[in-house]
Amino acid sequence: MKTEFCRKDDVETWVYQQVEITVGRVPWKDLKDEKQVFEYKKKCRQPPALNELFASPCPKEYIDILQLVDSYKYYDQPDYHQIYSVRVYV
């Protein structure tokens with residue numbers, strides 16, 4: 005699964021880092037297979053896996069940021085100002 009990453013991917017990774025800092029782990033932490041991790045991350049876009057990813061004490065604004073990231077296309081420049089404004093309320 006060799007792909008070129010884009011700015012959208014960087015922001016998505018940042019969201020996962022925030023979850024890991026807040027909760028202590030991400031649900032796929034123990035998965036070893038890259039494809040399984042990829043599939044799990046896709047699954048986390050919908051409940052109940054979405055709720056598992058953003059479990060308490062994660063602020064619900066993390067979901068807003070991830071949904072914003074999901075709206076971007078590969079070559080889009082993320083709206084960092086908008087992401088920051090959502091993040092400020094966390």
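My numbering puts the first residue of the sequence shown at 5, with every later residue one more than the last.
The beta carbon of each residue, even a glycine, is placed where N, CA and C say it ideally should be.
The model shown is predicted, which means the values in this text are computed figures rather than measured ones.
Looking at the backbone, the Cα of residue 42 and that of residue 50 are separated by about 14 Å.
Using a 10 angstroms sphere on the CB of residue 69, the tally of other CB atoms reaches 16 or more, which defines it as buried. Cα atoms of residue 67 and residue 10: separation of roughly 20 Å, rounded to the nearest angstrom. Rounded to the nearest angstrom, the gap between the Cα atoms of residue 15 and residue 52 is 23 Å. When DSSP states are grouped into helix, strand and coil, residue 18 belongs to the helix group.
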